[in-house]
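Structure first, then comments.
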Amino acid sequence: MADDDLFHLGGKTYRSRLIVGTGKYRDFAATRAAIDAAGAEIVTVAVRRVNITDAKADNLLDHLDLTRTTILPNTAGCHTAAEAIRTARLAREAGVGALVKLEVIGDEQTLFPDVPATIEAAQVLVKEGFTVLPYITDDPIAARRLEDLGCAAVMPLAAPIGSGMGVQNPANLRIMREMITEVPLIVDAGVGAASDAAIAMELGADGVLMNTAIAAAEDSVKMAEAMKLAVEAGRLSWLAGRMPKKLYASASSPLAGVVGR
Numbered sequence: 022m023a024d025d026d027l028f029h030l031g032g033k034t035y036r037s038r039l040i041v042g043t044g045k046y047r048d049f050a051a052t053r054a055a056i057d058a059a060g061a062e063i064v065t066v067a068v069r070r071v072n073i074t075d076a077k078a079d080n081l082l083d084h085l086d087l088t089r090t091t092i093l094p095n096t097a098g099c100h101t102a103a104e105a106i107r108t109a110r111l112a113r114e115a116g117v118g119a120l121v122k123l124e125v126i127g128d129e130q131t132l133f134p135d136v137p138a139t140i141e142a143a144q145v146l147v148k149e150g151f152t153v154l155p156y157i158t159d160d161p162i163a164a165r166r167l168e169d170l171g172c173a174a175v176m177p178l179a180a181p182i183g184s185g186m187g188v189q190n191p192a193n194l195r196i197m198r199e200m201i202t203e204v205p206l207i208v209d210a211g212v213g214a215a216s217d218a219a220i221a222m223e224l225g226a227d228g229v230l231m232n233t234a235i236a237a238a239e240d241s242v243k244m245a246e247a248m249k250l251a252v253e254a255g256r257l258s259w260l261a262g263r264m265p266k267k268l269y270a271s272a273s274s275p276l277a278g279v280v281g282r
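Residue numbers (this note's numbering): 22 to 282.
Here it is as structure tokens:
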């Protein structure tokens, strides 16, 4: 991205607005290849599912370029505020840092977040000095509440985790874009194709987080590169300001001065 359009998150500055996950790959080498192709500078890791705390065991962090990669530990698999708080503390104690994607699941079938529990956990973690990025439903009121609590971003879903259905409620994302003015708005979950990422960015999102869309693709490296380009294109489209939609046609070439009229 251009030097005048950098991505600011949690007190750091990035060029890439694409955040990628590390789950569901066949091995760590495939994970690294996809991350490199995506150009991602922030990588999210599930503390309860991927080893980043035991230095004696095979560790994902050993396969990443930590000189240019920010690790975003997440609390995936937590179902209560207490579990999420404990997991975030574990990551910080392991030396990963105070940045955390806060995820509290409220339903096993849909994997929708438990928003009240997320808010409860966010209150505690923000007070403890964590840089909190909460995963929530596309609820503008919840987003504003979390912004007011001091979260470093809000991360509404586009569709259920791993569904690949793309942005299901563009109206709410546009409303959230207007309401959330102090911190980044990052679309998290539900992206399936590059066009979905572009749409999210064209709606005004500051970034997109995804995992399954890349990891489950037939060619993860090609999909990672496609997602990188889609996020960049969507961002440029948003900054450019699209033409207004019209019900009827409007000639591309004006009729004034046409010979024979």
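Beta carbons: idealized from backbone N, C-alpha and C, even for Gly. Keep in mind the model is a prediction, meaning the values are calculated, not measured.
For residue 209, the secondary structure class from DSSP, reduced to helix, strand or coil, is strand. DSSP places residue 244 inside the alpha helix (DSSP H), whose first and last residues are 241–261.
Linking residue 38 to residue 267 through their CA atoms gives a straight-line distance of about 31 Å. Distance from residue 145 to residue 173 at the Cβ level is roughly 15 Å; contact not present, criterion being Cβ atoms closer than 8 Å.
In the displayed model, residue 67 falls within a strand according to three-state DSSP. Under the three-state reduction of DSSP, residue 137 is assigned to helix.
CA-CA distance, residue 87 to residue 59, rounds to 16 Å.
Taking the CA atoms as reference points, residue 241 sits about 6 Å from residue 55. In this structure, DSSP gives residue 176 an extended state, which the three-state scheme calls strand.
Within the same chain, and ignoring the five residues on either side of residue 232 in sequence, the residues whose Cβ sits closer than 6 Å to its Cβ are 42 and 44.
Take the alpha-carbon of residue 95 and the one of residue 248: they are about 21 Å apart. Classified as exposed, residue 260 has fewer than 16 neighbouring CB atoms from the shown chains inside 10 Å of its CB. Annotation: residue 95 is outside any alpha helix (DSSP H); the continuous beta strand (DSSP E) that includes it extends over 91–95. Straight-line measurement puts the Cα of residue 47 at about 25 Å from the Cα of residue 252.
Classified as exposed, residue 264 has fewer than 16 neighbouring CB atoms from the shown chains inside 10 Å of its CB. Checking the DSSP bridge columns, you'll see residue 229 partnered with 39 and 208. Approximately 17 Å separates the beta-carbon atoms of residue 40 and residue 82; this is outside 8 Å, ruling out the contact. 8 Å or more divides the Cβ of residue 258 from the Cβ of residue 203. The C-alpha of residue 100 lies about 53 Å from the C-alpha of residue 271. According to the DSSP assignment, residue 81 belongs to no beta strand (DSSP E), since it is labelled neither H nor E. In the three-state DSSP reduction, residue 152 falls in the strand class (E or B). Taking residue 190 as the centre and dropping the five residues before and after it, the same chain places the C-beta of 159 closer than 6 Å to its C-beta, in chain order. Taking the C-beta atoms as reference points, residue 168 is found no nearer than 8 Å to residue 126.
In the displayed model, residue 126 falls within a strand according to three-state DSSP.
Within the same chain, Cβ atoms closer than 8 Å to the Cβ of residue 164 are found at 157, 175, 177, 197, 200, 201 and 206, the five residues on either side in sequence being excluded. The residue from 50, 89 and 179 with its alpha-carbon nearest to that of residue 64 is 89. Between residue 180 and residue 218 a beta carbon distance of about 13 Å is seen, past the 8 Å cut, so the two are scored as non-contacting.
For residue 216 and residue 106, the gap between their C-alpha atoms comes out near 35 Å.
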